[in-house]
Structures are given as C-alpha cells and as structure tokens.
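Engineer:
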Amino acid sequence: MEAIYAVMDLLLPIEALQFSFMKNAFLAILLLTPLLGLLGTMAVNQQMAFFSDALGHSALTGIGLGIVLGVSSDLMSMLVFGVVWAILICRIKQTGSASTDTVISVFSSTSVAAGLLILSRGGGFARYSSLLIGDVLAVTPADLGWLALALIGGTGLWIMMYNHLLLSGVNVSLARSRGVHTRVVECAFVVLVAVAVMLAIRWVGVMLINALLILPAAAGRNLARNSRQHALWSVGIAVVSGVAGLLSAYWWDTSAGAAIVLYAAACYGVSLACRGLIRR
Amino acid sequence: MSEHHCSLCHIGLENVSVQRGGQVLLQDVSMHVHCGQLTVLIGQNGAGKTTLVRALLGEMPHAGAIRHVDDHGRDIPHVRIGYVPQHLHFDREMPLTVEDFMAASFTRRPVWTGVSRRTKQKVRDALAAVNAENLAQRQLGRCSGGELQRVLLALALNPAPDLLVLDEPVSGVDQNGLKMFLDTVLRLKETRHMAILLVSHDLRLVREYADHVVLLDKTVLCQGTAETVFATPEFETVFGTGKEEG
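Chains A and B are the protein sequences, given in the same order.
Quick note on numbering: the first sequence equals residues 4 to 283 in the working numbering.
Quick note on numbering: the second sequence equals residues 8 to 253 in the working numbering.
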C-alpha cells in the first residue's frame with residue numbers, strides 16, 4: 004500500500020489527498036465507478052432503473068435477515084440476499100405472468116419494511132443509519148482488495164456476456180435463434196448488478212447507490228451514438244463525478260455519496276442540453 | 008443456377024400439438040416446409056401461427072415431432088434457422104447502430120470495446136446483400152419499418168440458414184420496401200435453395216408469391232398451391248369469398 008500511496012503523492016499533490024483515509028477513498032472511487040458506469044449502460048437501455056433502485060433498498064432486508072440467522076458479516080448477508088432477490092425478480096420477469104413493475108414494488112416495499120422492523124428493534128436503527136448515506140472515508144486497504152477483485156471479475160464477465168445481453172434486449176426469440184441462452188445471460192446480468200450494488204452500498208449508501216448506477220449511463224446515452232461511445236461517456240462521467248464528489252465533500256465537509264451524485268446529476272443536465280445539438 | 012449449400016430436403020411437422028395453461032394452441036399439425044420453396048402460413052389472428060413458429064425455433068414445448076430430413080430421408084439432428092421476428096420491442100433511443108447490433112451477433116468481442124475492421128467488412132457485405140449497405144452507421148431505433156426488416160433479414164442470412172422463418176415481416180412496411188424485401192427473399196429461394204416459411208396476412212401477396220400455402224386454425228385446415236387453398240370451403244369460412252386483404 005505504501006508504494007501506491009507514494010505514487011499518489013507524486014502524481015496528485017493535492018492537500019486533500021495527504022491523508023491515508025482520503026487516499027483509500029480515492030482509490031475506492033477509481034475501482035468502483037468504472038464498473039457501475041459499465042453496468043449502468045445496460046440497466047438504462049433495458050429500462051431497469053426501478054429494478055436496481057429496489058435492489059439497493061433490499062440491502063437493509065439482507066442485513067436484517069443476517070442478524071436473525073446469526074450471520075456475522077453484514078456484507079455477506081447483503082450479498083446473498085441481493086443475489087437471491089435479483090434472481091427471483093428476473094425469473095418473475097421471464098415468466099411474464101404479472102406486471103414486473105408491480106411485482107418489484109410489492110416485493111421491495113415488503114422486504115424493506117421487514118428489514119427495518121428487524122433493524123429497528125429496541126430502538127437500535129441508529130447503528131445502521133450510516134448505511135443509508137454511506138461512508139466512503141471508512142474504506143480500508145482490505146476493502147480495496149475486494150473492490151479490485153470485483154472490478155476485474157465484473158469487467159471480465161461483462162466482456163463475456165455483453166453481446167448476448169444486447170441481442171436478448173432487442174428480441175428474445177431472435178437472440179435464441181442465434182444460440183443465445185437468454186435466461187442465463189439475463190440472470191447473470193442481474194446477479195452482477197446485485198453484487199456491484201451490494202459492494203458499493205457501504206460507501207455510497209442505500210439512498211444514492213441507484214443514482215450512481217443510472218445517472219452516468221443516462222447522461223452518456225444523451226451524448227453517444229453507438230455502444231462504444233455510450234460505455235466511454237458513462238464510465239468517464241462516473242469516474243469524474245466520483246473524484247469531483249469526493250474532493251468537494253472533503254472541502255465542504257459533507258457526505259461524499261451525495262456530492263458524487265449531484266455531480267453526476269449536473270452531467271446529466273448538461274448532456275440533456277447537448278443532446279438536441281448532437282442529434283440535429 | 009442453384010447453389011445448394013445444405014443437404015436438408017424438408018422440415019416435417021408430424022402431429023405437433025401445443026398446450027399452454029390448459030388451452031390448446033395447436034392440435035395435430037402436420038405439414039412440410041421444403042427447400043427451394045416459399046411456404047406461406049395463413050390464418051386469422053389467434054390461429055396459432057406464431058406458436059407454430061416458436062415451436063419450430065425450439066422455444067415452445069410441444070407434443071409430436073419436428074423432423075429435419077435430408078435428401079435420402081434421413082434425420083439431420085440440427086439445422087440452422089434464420090429468423091426475422093414480427094416486431095422488435097426495444098428502446099428506440101438506445102445508442103446502438105445497425106453495425107453494433109449486427110457485430111454483436113457476428114463476434115464475441117463486446118461491441119462496447121469497438122468493432123474490428125474485419126467485422127465491419129462482414130457487416131457491410133451482409134447489408135449489401137439486401138441493398139442496405141447505407142444503414143451501417145444508422146441508429147437501429149431510427150430505421151424505418153422497411154429498413155429494419157432488411158437489417159433483420161441480413162442478420163438472419165448470416166450465417167447462411169437452412170430454413171428461413173419470416174414472421175409477418177411485411178406488416179407496417181411501405182410498398183417500395185415490401186417489393187425490395189420480397190425480391191430479395193425470392194432471389195434467395197432461387198440461388199440458395201433455401202426452405203422459407205413466411206407467416207402472412209396479405210392474401211394478394213400469398214397468391215402472387217407462395218409455392219405452398221397452409222391454412223391454419225389451431226390445426227391445418229387445408230394446404231396446397233394458393234389456387235387450390237383459396238378455392239376450398241375452409242378458406243371461405245375463415246376469410247370469406249373474394250375478400251383478399253392487402
């Protein structure tokens with residue numbers, strides 16, 4: 004870690020980054036935002052913003068269930084519950100037997116209420132309130148290792164499944180006629196989103212995680228003409244908003260997650276204004 | 008001159024039945040789709056045409072057999088099917104060019120990392136075969152109905168299929184687009200000796216182009232040349248006399 008810190012001191016002689024907790028937070032942002040930026044492109048194109056929002060909220064339920072079942076790691080509880088939740092919704096969506104929006108809404112509010120009920124027992128919810136807004140300054144070097152692993156693994160999977168997912172998104176029968184296992188890739192995608200969201204939630208917060216997934220991709224979509232440009236804009240906006248938000252939060256002494264999301268929202272506003280010019 | 012690229016002779020459906028949720032969608036359907044012929048499936052809405060297509064694509068569990076038979080009457084385990092769907096339900100604002108869309112089907116390299124020169128050429132060639140080479144850089148959501156059908160046909164023809172399935176591909180397409188689309192399909196029938204199954208509502212079109220017509224209403228009511236089928240009492244019951252739409 005010391006070597007990395009030394010390189011950072013050399014390359015980024017910024018006063019805010021002289022502290023090791025800020026260096027860790029900065030590295031966490033650099034590891035997390037590109038993955039969320041990439042995954043966001045497909046979440047936006049397949050109109051899954053509501054799904055990922057509900058997925059973020061289910062983190063509370065995961066932790067609550069973990070406590071009931073005696074699981075010591077909050078992260079593990081969130082991950083397992085998030086993945087199961089995502090697969091369940093994906094399967095309901097694939098059977099097409101009910102309005103997916105309604106199912107997500109009913110299931111999400113029920114599970115959030117159940118999670119809150121457990122976590123607030125005996126007035127103890129204050130312990131978990133940091134989950135709502137996140138705290139990227141609490142990242143440790145060990146966390147960074149996990150985030151690096153998630154970025155490498157997530158990007159690898161993303162490279163493998165992207166084309167198939169794109170075809171399924173356009174027409175399921177067409178994709179199947181070309182040998183795509185549509186159900187498998189759709190489930191793999193929601194699981195990947197679930198893992199990325201659950202890993203990020205401690206640093207960004209339940210309230211804001213979805214914005215970080217959706218806003219950069221939504222802004223990128225306004226500026227891009229093809230898939231490559233969409234990915235580049237989305238990752239670029241996610242990383243720039245992440246870094247700008249972190250530094251601003253330090254200077255203004257506010258929540259980093261909120262500042263990051265506001266920067267991403269500003270990018271979205273600018274992209275919307277540019278859209279008319281680009282498409283003219 | 009015919010360039011018969013496959014040994015497939017015909018696809019035979021033998022007593023194919025499909026039930027879903029206690030409802031009979033298809034009952035004992037038996038028919039052949041021959042290579043080098045344009046077979047057209049006609050019938051009212053809800054007659055089971057799309058269900059039959061989905062069974063052919065292997066998407067719909069069914070009773071009975073769907074056999075792929077070669078020139079010597081032997082079964083072929085797998086045939087390549089090119090499919091042109093009726094509709095695409097996708098977000099039309101998606102930043103996705105025709106080139107991206109086709110490249111995603113042709114290669115494993117994710118299109119968000121860019122498209123290689125070789126794949127670009129392959130896409131251009133595939134589009135040129137259906138007179139659509141100018142569409143490569145067009146956004147998929149900005150293509151007209153006819154343009155989209157040609158893109159989908161270009162995709163369905165690569166790699167060259169043994170059976171081409173066109174599920175009402177000409178609905179919502181203007182007359183010029185329609186003529187161009189059908190001319191391309193007929194040229195393929197002649198040059199590649201492909202088996203083509205077309206689902207259509209347009210009876211005028213059927214009379215003009217079909218080699219073999221199958222009238223479906225859960226089961227096969229009658230089949231034969233357009234002239235034969237159009238003269239049957241079953242056809243009259245389903246469509247009424249002389250009411251050729253289109």
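From the three backbone atoms N, C-alpha and C, an ideal C-beta is built for every residue, glycine too.
Note that the structure is predicted; figures quoted are calculated from it, not measured.
D190/B: buried (16+ other C-beta within 10 angstroms of its C-beta) or exposed?
Structural biologist: Flag for D190/B reads exposed.
Engineer: To be precise: take each residue of the segment 42 to 58 of chain A, compare its Cβ to all Cβ atoms of chain B, and keep it if any distance is under 9 Å. Which residues remain?
Structural biologist: T44, V47, N48, Q49, Q50
Engineer: How far does the alpha helix (DSSP H) with M38/B in it extend, from its first residue to its last?
Structural biologist: Taken as a continuous stretch (DSSP letters only), M38/B belongs to no alpha helix (DSSP H), being part of the beta strand (DSSP E) at 30 to 41.
Engineer: Run through DSSP, which three-state label would Q21/A get?
Structural biologist: helix
Engineer: Check distances from the C-beta atoms of the segment 56 to 67 of chain B to those of chain A and list, in chain order, the residues that come in under 9 Å.
Structural biologist: V60, R61, L64, G65, E66
Engineer: Looking at the unbroken alpha helix (DSSP H) that takes in Y90/B, where does it start and where does it end?
Structural biologist: Counting along the chain, no alpha helix (DSSP H) covers Y90/B; the unbroken beta strand (DSSP E) around it starts and ends at 88 to 91.
Engineer: Nearest-angstrom Cα distance between S112/A and L63/A?
Structural biologist: 11 Å
Engineer: Whole angstroms is fine: what's the gap from F84/A's alpha carbon to A203/A's?
Structural biologist: 15 Å
Engineer: Specify the secondary structure class of V243/A as computed by DSSP and reduced to three states.
Structural biologist: helix
Engineer: Can you give me the C-alpha to C-alpha distance between L2/B and C229/B, rounded to a whole angstrom?
Structural biologist: What the structure shows of chain B is the stretch from 8 to 253, and residue 2/B is not part of that stretch, so it cannot be assessed.
Engineer: According to a CB-to-CB cut-off of less than 7 Å, which residues of the segment 224 to 256 of chain A neighbour chain B?
Structural biologist: R224, A227, R228, N229, S230, R231, Q232, H233, A234
Engineer: Take V243/A and list the residues in its own chain whose beta-carbon comes closer than 8 Å to its own, dropping the five residues that flank it on each side.
Structural biologist: Y266, C270
Engineer: Find the residues of chain B that neighbour L177/A, judging by a C-beta separation of less than 7 Å, and give them in chain order.
Structural biologist: Chain-order list of chain B residues neighbouring L177/A: Y90, P92, by C-beta distance under 7 Å.
Engineer: Name, going along the chain, the residues of the segment 162 to 177 of chain A whose beta-carbon falls closer than 7 Å to a beta-carbon of chain B.
Structural biologist: I162, Y165, N166, L169, L170, G172, V173, N174, S176, L177
Engineer: Mind listing which residues of the segment 177 to 206 of chain A have their C-beta closer than 8 Å to chain B's C-betas, in chain order?
Structural biologist: L177, R179, S180, R181
Engineer: If you scan the segment 70 to 153 of chain B from start to end, which runs of the alpha helix (DSSP H) of 4 or more residues do you find wholly inside it?
Structural biologist: 105 to 113, 124 to 135
Engineer: Measure from the alpha carbon of N22/B to the alpha carbon of each residue in E243/B, T239/B, T226/B, then state which is nearest.
Structural biologist: For N22/B, the closest C-alpha among the options E243/B, T239/B, T226/B is that of T226/B.
Engineer: So, with DSSP's three-state summary, where would you put S24/B?
Structural biologist: strand
Engineer: Check whether the segment 146 to 164 of chain B touches the segment 95 to 105 of chain B, taking contact to mean three or more Cβ pairs, one atom from each stretch, closer than 8 Å.
Structural biologist: yes
Engineer: Let me check one thing: in DSSP terms, what residues is H219/B bridge-paired to?
Structural biologist: T46/B
Engineer: CA-CA distance, S114/A and I212/A?
Structural biologist: 18 Å
Engineer: Could one say the Cβ of R118/B lies closer than 8 Å to chain A's Cβ atoms, at least one of them?
Structural biologist: Note that residue 118/B is Val in the sequence shown, not Arg. V118/B counts as touching chain A.
Engineer: Our contact map puts P168/B next to G89/B with C-beta atoms below 8 Å; I'd like the distance itself, whole angstroms only.
Structural biologist: 3 Å
Engineer: Closer than 8 Å is the cut-off here; do at least three beta carbon pairs connect the segment 185 to 204 of chain A with the segment 88 to 100 of chain A?
Structural biologist: yes
Engineer: Using a cut-off of 9 Å between C-beta atoms, extract the partners of L95/B located in chain A.
Structural biologist: V173, N174, L177
Engineer: At a Cβ threshold of 8 Å, is P102/B touching chain A?
Structural biologist: yes
Engineer: List, in chain order, every chain A residue whose beta-carbon is nearer than 7 Å to that of R115/B.
Structural biologist: N166
Engineer: Would a C-beta distance cut-off of 8 Å place V130/B and F113/B closer than the cut-off?
Structural biologist: yes
Engineer: Rounded to whole angstroms, what is the Cα-Cα separation between A252/A and Q128/B?
Structural biologist: 49 Å
Engineer: Starting from the C-beta of L164/B, find all residues in its chain whose C-beta is less than 8 Å away, skip the five residues before and the five after it, and write them out in chain order.
Structural biologist: G89, A133, A136, V137, L171, L195
Engineer: Within its chain, find whatever has a CB closer than 8 Å to the CB of L14/A; leave out the 5 residues flanking it on each side and keep chain order.
Structural biologist: none
Engineer: Report, in whole angstroms, the separation of the C-beta atoms of L218/A and L42/A, which I expect to be a contact under 8 Å.
Structural biologist: Their Cβ separation, rounded to whole angstroms, is 13 Å, which puts L218/A and L42/A out of contact at 8 Å.
Engineer: Once DSSP output is grouped into helix, strand and coil, what is the label at D224/B?
Structural biologist: It is a strand residue.
Engineer: Between S207/B and chain A, is the shortest Cβ-Cβ distance under 8 Å, so that the two count as touching?
Structural biologist: no
Engineer: Hey, how far is the Cα of P68/B from the Cα of D82/B?
Structural biologist: 20 Å
Engineer: A202/B bridges to which residues according to DSSP?
Structural biologist: For A202/B, which the question treats as bridged, DSSP gives the partners L170/B.
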